[in-house]
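Novice:
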Amino acid sequence: MDNLNNRTHSLFTTTISGDVGGEPTVLGENLTRLATTHSLAYLAGSLWLGKPLKSKKTEKAIDLALKLLVDHGPYVSGAVNTMITARAGRDLVSSLSSGLLTIGPRFGGAVNGAAKIWFDSVSNKLDPGEIVEDYAKRKVYIPGIGHRKYRLDIPDPRVPLLTSLIEGIPHPHLDFAVNVEKLTTAKKPNLILNVDGALAAVMLDLLTHEEKLDKDELKTLIESEFFNAIFVLSRSVGLIGHYLDQKRLGEPLFRLPDHDVFTP
Ligand code: ACO
Ligand code: LMR
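Given below as structure tokens:
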């Protein structure tokens with residue numbers, strides 16, 4: 020009984036990594052072996068799911084998304100915040116964090132919100148029109164729909180590259196998202212299925228069909244914001260690039276010209 024009473028509780032519990040005989044392990048596998056035999060996409064996807072990826076299709080989609088989303092020009096809000104912070108003399112992590120803190124419901128962080136809508140709607144067999152009307156009535160923007168640059172006549176070249184990866188498997192979530200887009204673009208040409216919305220649908224269909232996740236597992240991923248992870252990891256590469264570029268250029272402290280700010 021004493022042993023039980025004297026048992027000390029561990030401070031942490033983890034399932035994804037450890038150390039065996041002095042060798043770091045990931046999901047029970049020797050990390051140095053995994054690093055020489057698998058891609059970063061495989062490691063990221065497996066670590067984020069908490070179990071090894073089953074399908075090469077999933078790995079390929081994560082790999083492509085990680086590359087497609089690294090940057091989208093110095094114009095976007097996250098990159099601007101990183102550049103401004105770098106020009107204010109701040110360090111790498113502070114400048115990167117400034118850009119990362121911009122990721123949210125409107126910029127880059129709509130993947131998870133879109134995944135929730137696509138998942139809930141397909142699970143409950145809702146009609147795309149119901150969703151579009153409901154959001155319009157509540158004056159709430161549909162996550163995964165709309166873009167400041169792209170529109171029907173200027174499509175986002177990244178979206179078909181991602182969606183083409185799941186042509187060969189059942190894709191009810193992508194079908195739903197595309198049917199929503201048909202309705203929203205009929206209202207306004209810029210209300211296209213954006214890369215956040217497309218990535219959400221592609222990942223849902225892959226996790227369902229290829230990784231064999233059940234509805235409870237998908238719900239848990241949505242509740243923990245899993246679907247935003249790819250954008251965050253990928254765009255960190257571009258934000259670090261913008262920070263280093265500004266430092267290389269020796270760009271001075273940024274200040275908006277008075278005429279660029281409207282004060283009523
Ligand atoms: N759902 C429904 N209606 C929308 C949406 C949307 N997602 N986006 C814009 N609209 C409507 C607005 O209600 C407005 O209608 P109104 O003229 O009748 O008032 C009209 O479209 C224009 O609205 P704006 O805010 O000017 O549209 P803007 O082009 O500036 O918005 C944005 C672009 C910010 C991406 C917006 O579409 C949005 O917030 N979408 C949802 C969030 C999202 O998916 N973000 C990810 C973008 S891609 C990325 O970051 C990688
Ligand atoms: C994107 O990659 O689409 C985002 O950076 C948003 C944008 O306006 O480019």
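Residue 20 is where the sequence shown starts when you use my numbering, and the numbers rise one by one after that.
Glycine residues also receive a C-beta, built at the ideal position from the N, C-alpha and C atoms.
The ligand ACO heavy atoms versus the CB of Thr203: any closer than 7 Å?
Specialist: Counting from one through the sequence shown, the residue named residue 203 turns up at place 184. Under cutoff, so the answer is yes.
Novice: Check the C-beta distance from Ala84 over to Ser253 and give it rounded, since I have them as a contact under 8 Å.
Specialist: Counting from 1 along the sequence shown, the entry for residue 84 is found at position 65. Counting from 1 along the sequence shown, the entry for residue 253 is found at position 234. Confirmed, Cβ separation roughly 7 Å.
Novice: Using only Cβ atoms and a threshold of 5 Å, which residues come within that distance of a heavy atom of the ligand LMR? Order them by chain position.
Specialist: Taking each Cβ in turn, the ones that pass are His91, Val95, Arg167.
Novice: With DSSP as the reference, please indicate the residues paired to Leu212 in a beta bridge.
Specialist: Along the sequence shown, one-based indexing puts residue 212 at 193. Paired residues: Ile164.
Novice: Alpha carbon to alpha carbon, how far is Asp215 from Val95? Give it in angstroms, no decimals.
Specialist: Counting from one through the sequence shown, the residue named residue 95 turns up at place 76. Counting from one through the sequence shown, the residue named residue 215 turns up at place 196. When rounded, the distance between both Cα atoms is 15 Å.
Novice: Can you grab the Cα-Cα spacing for the pair Gly127 / Arg26, in whole Å?
Specialist: If you number the sequence shown from 1, residue 127 lands on position 108. If you number the sequence shown from 1, residue 26 lands on position 7. Going from the Cα of Gly127 to the Cα of Arg26 covers about 46 Å.
Novice: Within 7 Å: the Cβ of Leu210 and any heavy atom of the ligand ACO?
Specialist: In the sequence shown, the residue the question calls residue 210 occupies position 191. Yes.
Novice: When the Cα of Asn49 is compared with those of Ser36, Ala60, Ser58, which residue comes out closest?
Specialist: For the purposes of this step, residue 49 is taken as residue 30 along the sequence shown, with counting starting at 1. Cα-wise, what sits closest to Asn49 is Ser36.
Novice: Thinking His192 and Asp224 are a contact (beta carbons under 8 Å), I'd like their distance in whole angstroms, please.
Specialist: Counted from its first residue, the sequence shown places residue 192 at position 173. Counted from its first residue, the sequence shown places residue 224 at position 205. Indeed, because the Cβ distance is near 5 Å, the residues count as touching under 8 Å.
Novice: Please state the DSSP three-state secondary structure of Arg267.
Specialist: Position 248 of the sequence shown, counting from 1, holds the residue named residue 267. Helix at Arg267.
Novice: Between which two residues does the alpha helix (DSSP H) harbouring Ser116 extend?
Specialist: Residue 116 sits at position 97 when you count from the first residue of the sequence shown. Ser116 -> alpha helix (DSSP H) spans 111-119.
Novice: Out of curiosity, what's the CA-to-CA distance linking Thr227 and Thr101?
Specialist: As a first step, residue 227 must be located in the sequence shown, where it is residue number 208. As a first step, residue 101 must be located in the sequence shown, where it is residue number 82. Whole-angstrom Cα-Cα distance: 36 Å.
Novice: Name the one or two DSSP bridge partners that Gly257 has.
Specialist: Numbered from 1 along the sequence shown, position 238 holds the residue referred to as residue 257. Answer is none; Gly257 lacks a bridge partner.
Novice: Kindly list the residues whose CB is nearer than 8 Å to the CB of Tyr169, restricted to its own chain and excluding five residues on each side of it in sequence; keep chain order.
Specialist: Stepping through the sequence shown from its first residue, residue 169 is reached at position 150. Cβ within range, chain order: Asp175, Asn209, Ile211, Asn213.
Novice: Do Ala205 and Trp137 come within 8 Å of each other at the CB atom, strictly closer than that value?
Specialist: In the sequence shown, residue 137 corresponds to position 118, counting from 1. In the sequence shown, residue 205 corresponds to position 186, counting from 1. No, Cβ-Cβ distance for Trp137 and Ala205 is not below 8 Å.
Novice: Assign Met20 to one of three DSSP states: helix, strand, or coil.
Specialist: As a first step, residue 20 must be located in the sequence shown, where it is residue number 1. Only weak support exists for where Met20 lies, its pLDDT of 49 falling under 50; the coordinates are left without a value.
Novice: Can you tell me which of Gly123, Lys76, Ser114 puts its alpha carbon nearest to the alpha carbon of Gly187?
Specialist: Sequence index remark: in the sequence shown, residue 187 carries index 168 (1-based). When each option's Cα is compared against that of Gly187, the closest is Lys76.
Novice: At a cut-off of 7 Å, would you count Phe214 as near the ligand ACO, judging by its Cβ distance to the nearest heavy atom?
Specialist: Walking along the sequence shown from the start, residue 214 turns up at place 195. Checking the displayed sequence, the identity of residue 214 turns out to be Val instead of Phe. Yes, the Cβ of Val214 comes within 7 Å of a heavy atom of the ligand ACO.
Novice: Using DSSP with H/G/I as helix, E/B as strand and the rest coil, what is Thr124?
Specialist: As a first step, residue 124 must be located in the sequence shown, where it is residue number 105. For clarity, residue 124 is Pro in the given sequence; the question names Thr instead. Here Pro124 sits in coil by DSSP.
Novice: Roughly how many angstroms lie between the CA atoms of Val178 and Thr34, to the nearest whole one?
Specialist: Residue 178 sits at position 159 when you count from the first residue of the sequence shown. Residue 34 sits at position 15 when you count from the first residue of the sequence shown. Their backbone Cα atoms lie some 34 Å apart in a straight line.
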